[in-house]
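Just so you know, the sequence shown maps onto residues 76 to 177 in our numbering.
Here a beta-carbon is modelled for each residue, glycine too, at the ideal position from N, C-alpha and C.
Heads up: the structure comes next, in structure tokens.
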Amino acid sequence: SIAAEEELNIDQVGDPSLQAFELGDVQVTGPSTYGEVTPQGVRSICRAMGVDKLDGSEEVVFMDLGSGIGKVVAQVLVEFPAVSYAVGIELSHTRASLAQTA
76 SIAAEEELNI DQVGDPSLQA FELGDVQVTG PSTYGEVTPQ GVRSICRAMG
126 VDKLDGSEEV VFMDLGSGIG KVVAQVLVEF PAVSYAVGIE LSHTRASLAQ
176 TA
């Protein structure tokens, strides 16, 4: 919904080029970007999950499914010291390749 997008500060970033990638046996052509959560949106998500209140006394693993090029994963690891390990999972070969080279 629009209210949810505003609350999480999702910036719809459209990629004008269409990129093809394989998903199993299926060839998919579509935009390489669905949308992007802004840095403030990441902070809002982490506050909602209580990550900002953790003291680091227990191991915390952050996982982002559909992580794109890995911006959220990197931000969470840098900004929240209680997070000891962050993992990004991306099915798009294009976005996963960009994340690995970053």
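- Contact check for Ile144 against Ala123 fails: the beta carbons are separated by 8 Å or more.
- Look at Ala174 here: in three-state DSSP terms it is helix.
- Spatial neighbours of Glu165 in its own chain (CB-CB distance under 7 Å, excluding positions within 5 residues in sequence) are listed in chain order as Gly141, Ser142, Gly143, Ala171, Ala174.
- Around the Cβ of Asp130, a 10 Å sphere holds fewer than 16 other Cβ atoms; the residue is exposed.
- No Cβ-Cβ contact shorter than 8 Å links Val153 with Val117.
- Ala161: member of the beta strand (DSSP E) spanning 158–164, first to last residue.
- Rounded to whole angstroms, Val126 and Phe155 show a C-alpha spacing of 7 Å.
- Under a 10 Å Cβ-count criterion, Val162 is classified as exposed, with fewer than 16 other Cβ atoms of the shown protein chains found around its own Cβ.
- Excluding sequence positions up to five before and after Phe137, its CB lies within less than 6 Å of the CB of Val151, Val158, Ala161, all in the same chain and listed in chain order.
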